[in-house]
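Rendered as structure tokens:
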């Protein structure tokens, strides 16, 4: 077997790489220059990690808010032995759960900077042929996160499945998604363009690491899952990957998209709080380009109420997004394989902004708290709120505070994750794509959230990135086996477009049967009719109701049942 920690790849006329051994240690020749990595022993395998490789120029000064530029070539050998800078982000929101033991695995501990466009590559030592490549896009609501988090260490996945794993940074918050649509100085979606540039870098350079540029799978969770969806519907991103996995995120999700009008208004609001002029867009942008970058991402310190995570997000810009996502899904996704899913209790962490919910107790809420919480998350008219309550509350047992809590969580799961994912899945499969669907239903032994939160948002990540294989303390032997299986399922999909393993033949998803797999540590079950009734409500009825209310054509009821 070749040792790919000792190779240089020479590009021949066909643009494919031929790999030869040299006496140099971990040095790889990329288009920008040579990089040197660091070897590590992982589960009885050797993996070479190339950390913090710059793929884009620092988007500072007049380059702030604009599309990224490829990194210029460098002289000598770039020492890719430590993570690069993380991108500036909203620190206050990132530390919202400080009191939970073990939650620091989600905290960005390294240096933050605007010069943060870098990526990481993990290469297993023995590759018998060009390896499939798995490129992960982190989540965090487009306002927090980093590829430098311990959670996203790709070494175990690479070693276990003989695949190359790549993770990336991209601009967050206002630096990544502030938008004055139509203005080339701040057109919006800079963070998505960052991701695309990273994918282009992988396409152009991964053969030098022993990877197959024609077998690249992108996968992401939450905002990363929505980002994967955006690249699926963007024709200019599509040459850079073959398959896609969307975990708890969709570009159809209300939190993942803004209109041009809304984005412009939000950008002007930020300018006002930064004491910048707001009458002329060019002057506004020029001023914002000089504001301290840390201030621009700390949105709550600038006076924004409510949920910072829902503010600066992708926008319909007539460039990266040439149409609204639903239309692009119908017409832009062809001839690919997609794996899409959610966790069983995806909505639970987001209930904590609602009255009566807390990580310190069982969050048993009254009907009045239920309704008040809905008014926070769905600030339209009472008729819309009452329609949600009518569908979800158990009115035969409406004093049951535990059922109220479970129903409220289900609402947020369905609205934010499940039903947008189903909408995406249905249109994608109707466009003749091979699609597989899952629900992840395992609660980890080392979960830090309270028991009532179940298999919450991002619950699959520690298992998927192989933490039970290297962190013996806390994980069960059953979870070690489950982790190996989940990594194998994801890698099987990356290699051949089918997530089935030796013990389970995964059914394709169809609009007629809507079969999906329930992933648990003690086995995999198959069910069908993926949340039909609730998603009919969210995907079709509720938008029409809200539209009628806004147009004054719906009549509010005089009261509600309490």
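Numbering (mature numbering (1 follows the signal peptide of the UniProt record, and there is no 0)), first residue to last: -22 to -1, 1 to 540. Glycine included, C-beta positions come from ideal geometry on N, C-alpha and C. A quick note: this is a predicted structure, and the numbers were derived from the prediction, not measured.
The beta carbon of residue 91 lies closer than 6 Å to those of 63 in the same chain, with the five residues before and after it left out.
According to the DSSP assignment, residue 471 belongs to the alpha helix (DSSP H) that extends over 455 to 474. Here the alpha carbons of residue 377 and residue 518 stand approximately 30 Å from one another. Listed in chain order, the beta strand (DSSP E) elements of length 3 or more contained wholly in the segment 192 to 251 are 221 to 225. Of the other Cβ atoms in all chains shown, fewer than 16 fall within 10 Å of the Cβ of residue 455; this residue is therefore exposed. The DSSP-derived three-state label of residue 506 is coil. The shortest C-alpha to C-alpha distance from residue 434 to any of 441, 419, 244 is the one to 419. The segment 290 to 302 makes contact with the segment 156 to 174; the number of CB pairs closer than 8 Å reaches 3 or more. Boundaries of the beta strand (DSSP E) around residue 100: 96 to 102.
Within the segment 351 to 408, complete alpha helix (DSSP H) segments of at least 4 residues are found at 360 to 370, 379 to 391, 397 to 408, given in chain order. The C-alpha of residue 508 is placed about 9 Å away from the C-alpha of residue 415. Here residue 444 is not near residue 127, since their CB atoms are 8 Å or more apart. In summary, residue 312 is exposed, with fewer than 16 beta-carbon neighbours lying within 10 Å of its beta-carbon over all protein chains present.
Residue state for residue 490 is assigned as coil, using DSSP reduced to three classes.
Residue 331 and residue 10 have their C-alpha atoms spaced approximately 46 Å apart.
In the DSSP secondary-structure assignment, residue 48 is bridged to 34. Looking from the CA of residue 525, the closest CA among 188, 361, 269, 31 belongs to 361. Membership of residue 520 in the alpha helix (DSSP H) is indicated by the continuous run 520 to 528. Where residue 305 is concerned, the enclosing alpha helix (DSSP H) starts and stops at 303 to 310. Using a C-beta cut-off of 8 Å, the segment 216 to 227 makes contact with the segment 191 to 205, since at least three inter-stretch Cβ pairs fall below that distance.
Here residue 448 is not bridged, per DSSP, to any residue. Residue 300 has its alpha-carbon roughly 28 Å from the corresponding atom of residue 265. As a beta-bridge residue in DSSP terms, residue 321 pairs with 418. By the criterion of at least three beta-carbon pairs nearer than 8 Å, the segment 168 to 184 is in contact with the segment 104 to 123.
Spatial neighbours of residue 241 in its own chain (CB-CB distance under 7 Å, excluding positions within 5 residues in sequence) are listed in chain order as 157, 159, 166, 293. Checking the DSSP bridge columns, you'll see residue 479 partnered with 482.
A direct Cα-to-Cα measurement between residue 472 and residue 461 gives close to 17 Å. Per the DSSP secondary-structure output, residue 24 pairs in a beta bridge with 19.
Beta-bridge analysis with DSSP links residue 495 to 416, 504. With contacts defined as CB atoms closer than 8 Å, residue 144 and residue 86 fail to qualify as a contacting pair.
Burial state of residue 457 is buried, judged by a 10 Å Cβ sphere holding 16 or more other Cβ atoms.
Residue range 133 to 139 is occupied by the alpha helix (DSSP H) that includes residue 133. DSSP, read as helix, strand or coil, puts residue 68 in coil. Taking the CA atoms as reference points, residue 19 sits about 44 Å from residue 384. At least 8 Å separates the beta-carbon of residue 404 from that of residue 345.
In the structure shown, residue 130 adopts helical secondary structure according to DSSP, grouped into three states.
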